[in-house]
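Undergrad:
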Amino acid sequence: MTSVESFCAELGDIAHTADPATVRRKSRDQFTISPLLREALAGKSADVVVSPRSKEEIRTTVKAAVRHRLPITVRGGGTANYGQSVPLEGGILLDIMTYKGVISLREGIVRANAGTTVNDMDAAIRPKGWELRIHPSTTETATIAGFIAGGSGGIGSAQWGMLRDRGNIAAVEVMSVEDEPKLIELTGNDIELVHHA
Ligand SMILES: Cc1cc2nc3c(=O)[nH]c(=O)nc-3n(C[C@H](O)[C@H](O)[C@H](O)COP(=O)(O)OP(=O)(O)OC[C@H]3O[C@@H](n4cnc5c(N)ncnc54)[C@H](O)[C@@H]3O)c2cc1C
Numbered sequence: 048m049t050s051v052e053s054f055c056a057e058l059g060d061i062a063h064t065a066d067p068a069t070v071r072r073k074s075r076d077q078f079t080i081s082p083l084l085r086e087a088l089a090g091k092s093a094d095v096v097v098s099p100r101s102k103e104e105i106r107t108t109v110k111a112a113v114r115h116r117l118p119i120t121v122r123g124g125g126t127a128n129y130g131q132s133v134p135l136e137g138g139i140l141l142d143i144m145t146y147k148g149v150i151s152l153r154e155g156i157v158r159a160n161a162g163t164t165v166n167d168m169d170a171a172i173r174p175k176g177w178e179l180r181i182h183p184s185t186t187e188t189a190t191i192a193g194f195i196a197g198g199s200g201g202i203g204s205a206q207w208g209m210l211r212d213r214g215n216i217a218a219v220e221v222m223s224v225e226d227e228p229k230l231i232e233l234t235g236n237d238i239e240l241v242h243h244a
């Protein structure tokens, strides 16, 4: 058994596929606007796409990846322009769009799972009289985690500043990649450790 096959065997009923067409499609973002990246990233691809639906499924996937020493590339909507969501050395494409849904709305702060599109987050809070301060122009496809990890600002920034400005991102929950993955909640200046990183 290869390490990828051993990894897949540990996923149980977590959705995953090694279908070549799907893997190729999910291993790309919008880097093709750059002739340099087109050349540098030609043929780069994951071995398998995993589509988790919960934090527990993400944890199981991360643990198995660590055990089999397989690299993980996280992908939201795949709208990044610089090849950030392209797996450079094969391994796992963690397709986070299946981990979605708004969790809570309290006075001025909405919390959502990583794979929720920015547009869906906004649609969920509008009936309650709120709206997101900033949208990327890719709001219908981009996920909130992809926007925080890869984006910087957009529609709304003329009034509210860049995403990094205090008050625009209240907190980020991250999972470490190690034998026993940890959940860490970042707030305040610590958010900059992962925002646009
Ligand atoms: C036409 C066009 C217009 C754009 N306009 C804007 C704009 O107005 N403002 C702006 O800021 N950007 C803009 N962008 C860039 C891009 O759309 C944004 O950064 C977008 O928000 C990325 O979201 P995504 O879900 O598509 O992320 P992806 O492209 O899937 O991922 C972006 C990065 O985040 C990482 N990532 C994704 N999800 C996670 C996760 N759950 N955990 C950890 N890391 C993760 C990926 O590995 C990758 O490095 C534009 C891009 C295009 C092509």
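Numbers 48 to 244, taken from the numbering used here, label the letters of the sequence shown in order.
We put the beta carbon where it would ideally sit given N, CA and C, even for glycine.
Every value quoted in this text rests on a predicted model; they were computed, and no experiment measured them.
From CYS55, PRO118, LYS91, TYR129, pick the residue whose C-alpha is nearest to that of SER81; which is it?
TA: Selected option, being the one with the closest Cα: TYR129.
Undergrad: Skipping 5 residues on each side, what residues in its chain have a beta carbon closer than 7 Å to that of LEU233?
TA: ALA218, VAL219, VAL221, LEU240, VAL241
Undergrad: With a threshold of 16 other CB atoms inside 10 Å of the CB of MET168, please say whether the residue is buried or exposed.
TA: buried
Undergrad: Enumerate in chain order the residues of its own chain whose CB-to-CB distance from LEU135 is below 7 Å, with the five nearest sequence positions on each side excluded.
TA: LYS91
Undergrad: What does DSSP give as the partner residues of ASP142 in its beta bridges?
TA: Residue pairing of ASP142 in beta bridges, as defined by DSSP: ARG122.
Undergrad: With hydrogens ignored, establish whether the beta-carbon of LEU183 is closer than 7 Å to any heavy atom of ligand 1.
TA: The amino acid at residue 183 is misidentified as Leu; the sequence shows Pro. Because some heavy atom of ligand 1 lies under 7 Å away, the Cβ of PRO183 counts as near it: yes.
Undergrad: Since ASN166 contacts GLY148 with CB under 8 Å, what's their CB separation in whole angstroms?
TA: With a Cβ gap of about 14 Å, ASN166 and GLY148 do not count as contacting.
Undergrad: Do LEU140 and THR108 have their CB atoms nearer than 8 Å?
TA: no
Undergrad: Considering Cα atoms alone, identify which of ILE202, GLY123, ILE181, GLY203 is closest to LYS188.
TA: For the sequence presented, residue 188 should be read as Thr rather than Lys. Looking at the Cα atoms, GLY123 is the closest of the given residues.
Undergrad: Tell me the rounded alpha-carbon separation between ARG71 and ASP212.
TA: 36 Å
Undergrad: Taking the C-alpha atoms as reference points, what is the distance between MET144 and LEU152?
TA: 21 Å
Undergrad: So that I know if they touch, is there some Cβ in chain B lying closer than 8 Å to that of ASP237?
TA: This model lacks chain B altogether, as it is built from one protein chain only.
Undergrad: Which whole runs of the alpha helix (DSSP H) in the segment 146-212 are 4 residues long or more, in chain order?
TA: 165-172, 191-197, 204-207
Undergrad: Using C-beta distances below 7 Å, list every residue in its chain close to GLU57, excluding the 5 sequence neighbours before and after it, in chain order.
TA: ALA111
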